[in-house]
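First the structure, in the form of structure tokens, and then the observations on it.
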Amino acid sequence: QEHEQQSESMMSTIDPNAELFDQQIGQSPKKPPSSPPPALDETNNSPATESSGGGGTLHLSVTDPQQIGEGRNAHTFYRIDVRPNQYADTIASVRRRYSDFRWLFQRLHDERPGAIIPIIPHTKAFQIEKRLSEELIEERRVSCETFLRRVQIHPELEGAPSISAFFSPDAEVFEQAKKDHPETTEGLLSEDGAASTAKEKVKHFFVKAGIKAKVARGHDLEETPDAAQVDEVEQYLSTLETHVKGLAKATLYLVDVSKETSTNMHELGQSLFGLHQTYDPDAATSDDENDNNNNVNSTAKSKNPSLKTISNIFASLSAINKVKYDDNYAKVSKPIHDIQDNIKAARLALKRRKDHAITYNTFLQQIKNRQGALEKLNHKNATSPQPTTENQIVNTQQLLDESNKAAKLALAALEKVTQRVFREMDRFKHDVDAQLRLLYVNHARVQVDYSRQLEFEWNKLLPNGGGDGMNGRVGGVDDGVLSKEAEMLMI
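In terms of this note's numbering, the sequence shown has 110 at position 107, counting the first letter as 1, and numbering is strictly consecutive.
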């Protein structure tokens, strides 16, 4: 709320020429989105219900990458435009670096632990030339735009403070947010939400390290009553990951076949055309006719198409297979990679839940340790009372009370995260099922559409075009006419 109020108060005085903000001339500044709006309901094209996020729908786009600096200091800013809809004027724009998107990804995990945050595919680029290449910049632009649009409609991320800061047109607001939260860290809970002394932080660290070591050795954590349901979620993800891995391997192989076929047919067409140039029987027959008009055999022509015609047909087949591969890549390969990324995102959500379980167990262990220390001090004080021992008992009792309160807070946080995970997994299962169905329906459509074009080209090699049943038209393709994409590729 503080971020939103600060952004709103500064909008009227913002400099239109500021480096990280672009505002259209003649428009009054408007507030950027502080929370993700809902998705549109596909059946009636109306805003989804409150469970999907509430509020109006905004259109986000990431465009206009600009490189700033030179050498190792070079980096790229991307422009983010916010519009009421796809065709409306821009109401606000900000410029952000790729690392800023990564920061938002990490902050959303901290602010909404247990939520399935969309993955930003990360391509590491150690060399400056690679980091500033147009191919990598475009790849990141597309990834960042997809990430923002998915975050925008995510029902669990509504009102996240980092979203408000990320879209703030005031550079100082955003930079301050990054300074306040430079990286993902786990806070140490106590009565006021943080450990009171550095000494206690160190103790807490070693206790937590001990809990993690026990977990690594196979020891079970002290869990909530929902632990069995969490185990079912983990088993589902493991099974899903195994099956999707097999699906991806087989499906991507089928997609890549078109690319390899296109390459091979292109090479075949080139070789056949080369052979045609070395010997053209039609031209040779014409010469023989001029020399000896009475030679009947020399004037006989083959019923089969010439090598030149065959080479042209293979060029057409190569072009069709290449366009088929591109279509398959967009409609099949990318979606199946998205499903794999979504599984990774779901695992990260479960990991956040496990981190909270470890934190809760850390405080439980801390309680046991302090209870044991208190018992020893009470026994020591009973046998030989001393003022120093009594002071230690008072201090230990205070620390024990803090641990009890912290454990209650940690348990409440764990239960909250657990319920968020369950809500997310219900949506996740439905989405994965819908994605897989659509993926293979699209794959079938591509196969049918291009099989007709390929069949039409193959039939040109056969006598009478493969029979009289063709009627000059196959699969909606006119006689002798390729699809526009294939025709352009041939040229």
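By construction, the Cβ of each residue, glycine as well, lies at the ideal position given by its N, Cα and C atoms.
Contact check, residue i vs residue j, beta carbons under 9 Å
i: Val420; j: Ile339; result: no
i: Ala506; j: Leu151; result: Given a span of 4 to 494 for the chain in the structure shown, any question on residue 506 remains unanswerable.
i: Ala437; j: Thr362; result: no
i: His62; j: Ala95; result: no
i: Leu442; j: Thr254; result: yes
i: Asn384; j: Ile396; result: yes
i: Leu377; j: Leu403; result: yes
i: Gln82; j: Val97; result: As written in the sequence, residue 82 is Arg, which differs from the Gln given in the question. Yes, the pair counts as a contact, with Cβ atoms nearer than the cut-off.
i: Phe80; j: Arg99; result: yes
i: Leu439; j: Leu250; result: yes
i: Val326; j: Tyr453; result: yes
i: Val435; j: Ile342; result: yes
Local Cβ density within 10 Å of residue i, reported as buried at 16 or more and exposed below that
i: Gln89; result: exposed
i: Asn324; result: buried
i: Val258; result: buried
i: Glu178; result: exposed
i: Thr66; result: exposed
i: Ala318; result: buried
i: Ile313; result: buried
i: Ala1; result: Given that the chain is displayed from residue 4 to residue 494, the structure contains no residue 1 and the question cannot be resolved.
i: Ser171; result: buried
i: Gln155; result: buried
i: His112; result: buried
i: Ala231; result: exposed
i: Gly272; result: buried
i: Ala415; result: exposed
i: Ser146; result: buried
i: Ser167; result: buried
i: Glu427; result: buried
Inter-residue CB distance, residue i and residue j (contact presumed, cutoff 8 Å)
i: Lys359; j: Pro116; result: According to the sequence provided, residue 359 is His. The question's Lys does not apply to it. The pair is a contact, with the Cβ atoms about 6 Å apart (cut-off 8 Å).
i: Ser321; j: Ser265; result: 5 Å
i: Arg356; j: Val424; result: 5 Å
i: Tyr328; j: Lys252; result: With a Cβ gap of about 17 Å, Tyr328 and Lys252 do not count as contacting.
i: Ile123; j: Phe104; result: 6 Å
i: Asn331; j: Val449; result: 5 Å
i: Ala77; j: Gln69; result: So it is not a contact: roughly 11 Å between Cβ atoms.
i: Asn445; j: Lys334; result: 4 Å
Close Cβ partners of residue i (< 8 Å) along its chain, the five nearest in sequence each way excluded
i: Pro308; result: Ile316, Lys463, Leu464
i: Thr149; result: Pro121
i: His269; result: Phe317, Ala318, Ser321
Residues of its chain near residue i, where Cβ-Cβ distance is below 6 Å and the 5 sequence neighbours each way are ignored
i: Leu310; result: Leu275, Leu278, His279
i: Ser102; result: none
i: Arg86; result: His62, Thr93
i: Asp84; result: Ser64, Thr93, Ser96
i: Arg143; result: Tyr101
Three-state secondary structure assigned by DSSP to residue i
i: Ile119; result: coil
i: Thr93; result: coil
i: His157; result: coil
i: Thr245; result: helix
i: Asp103; result: helix
i: Pro68; result: strand
i: Asp173; result: coil
i: Tyr81; result: strand
i: Leu63; result: strand
Any C-beta of chain B under 9 Å from that of residue i
i: Pro158; result: Included in the structure is just one protein chain, with no chain B present.
Contact set for residue i: own chain, Cβ-Cβ below 7 Å, skip 5 residues either direction
i: Glu237; result: Leu353
i: Glu244; result: Ile346
i: Leu107; result: Ser165, Phe169
i: Ala410; result: Tyr363, Phe366, Leu367, Ile370
i: Leu380; result: Thr392, Gln395, Ile396, Thr399
i: Asn300; result: The predicted model places Asn300 with a pLDDT of 48, which falls under 50 and marks its position as unreliable; any figure quoted below should be read in that light. Correct list: empty, nothing qualifies.
i: Arg153; result: Pro121
i: Pro466; result: Lys306
i: Pro39; result: Low local confidence applies: a pLDDT of 38 at Pro39 is under 50, so the model's placement there is unreliable, with the coordinate-based value given in what follows. Correct list, in chain order: Gly56, Val154, Gln155, Ile156, His157, Leu160, Glu161, Ile166.
Heavy atom of the ligand SAM within 8 Å of residue i beta-carbon
i: Lys306; result: Only the bare structure without any ligand can be found here, which leaves the ligand SAM out of the picture.
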